[in-house]
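Student:
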Amino acid sequence: MATNCIFCRILAGDLPGSLVYRDEQCAAFLDIHPINPGHLLVVPLQHASGLADLPPDVGGHLFRVGQRLSLALRQTIPEAEGINLLLSDGAAAGQEVFHVHLHVIPRHRGDGSGF
Ligand code: 5GP
Ligand code: ZN
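For the sequence shown, position 30 matches number 30 in the UniProt record's numbering, and the numbering has no gaps at all.
Printed below as a string of C-alpha cells:
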C-alpha cells in the first residue's frame, strides 16, 4: 500500500468509497465525480502507479472484471445504452490518480460526455 495514494487508502478502508466488487486481485468502486450514474473504477489491490508497474496478468484481470461489470451495468441501468472502458496512463494521457484504474462508464445517446 502507498500511504499517500487515495485509491490505496480507499482499498484499506481509511477513506470512504462505495465498493461494488472485490476479489483477490482487484476491486471496483464508484467514481466520486461520475460522468454518468454507475461510473466505476476497477483498480488493482496492489499499488501500481502506471501500466509499466502493473503485472500483465493483473492487467488482463482488470479488463475481464471491467467486461463483466459492463454487462452488469447494461442489465441494471436502463439508460446505459453503451459503455466506455478507458484507462489513462501518464499525465499526458489525462491520468490524475497515479494508481492504475480502468474506468467503466455507462453511456447513452445525447449524454454530451466526450473525452
Ligand atoms: P484519471 O483522470 O486519473 O483517469 O481518473 C481519476 C478518477 O478518479 C476521476 O474520474 C475522479 O473523479 C476519480 N477520483 C478522484 N478522487 C477520488 C476519490 O477520492 N474517490 C473516488 N471514488 N474517486 C476519485
Ligand atoms: Zn495506490
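For glycine and all other residues, C-beta sits at the position ideal for the given N, C-alpha and C. Since the structure is predicted, the reported quantities are computational estimates derived from the model, not experimental observations.
Is any heavy atom in ligand 2 found nearer than 7 Å to the beta carbon of F29?
Tutor: Answer for F29: no, Cβ out of range of ligand 2.
Student: Which residues are close to ligand 2, meaning CB closer than 7 Å to any heavy atom, in chain order?
Tutor: So the residues near ligand 2 by this Cβ test are M1, A2, C5, F7, C8, H47 and H99.
Student: Which value, in whole angstroms, describes the spacing of the CA atoms of E79 and I6?
Tutor: Straight-line Cα distance between these residues: approximately 30 Å.
Student: Using a Cβ-Cβ cutoff of less than 6 Å, which residues in the same chain neighbour G50 once the five nearest sequence positions on both sides are dropped?
Tutor: Cβ within range, chain order: D89.
Student: Smallest Cα separation from R74: which of A91, H39, P106 and F29?
Tutor: For the residues A91, H39, P106 and F29, the minimum Cα distance to R74 belongs to P106.
Student: Mind checking whether the beta-carbon of I83 lies closer than 7 Å to any heavy atom of ligand 4?
Tutor: Ligands present in the displayed structure are limited to ligand 1 and ligand 2, and ligand 4 is not among them.
Student: Go ahead and pull the three-state DSSP assignment for R109.
Tutor: Of the three classes helix, strand and coil, the one that applies to R109 here is coil, per DSSP.
Student: G82: which of A27, P34 and H108 sits nearest, CA to CA?
Tutor: The candidate whose alpha carbon is nearest that of G82 is H108.
Student: If we ignore side chains and look at the alpha-carbon of each, how far apart do A2 and Y21 end up?
Tutor: Cα to Cα, A2 sits roughly 21 Å from Y21.
Student: Output needed for G66: all residues of its chain with C-beta closer than 6 Å, excluding positions within five of it in sequence on either side, in chain order.
Tutor: Closer than 6 Å at the Cβ level, and outside the excluded window around G66, lie V42, L85, L102 and V104.
Student: For a cutoff of 8 Å on Cβ pairs, would you count T3 as touching chain B?
Tutor: Annotation note: the requested chain B is absent from the structure, which comprises a single protein chain.
Student: Using beta-carbon positions only, say whether L45 and L11 come within less than 8 Å of one another.
Tutor: Yes, Cβ-Cβ distance for L45 and L11 is below 8 Å.
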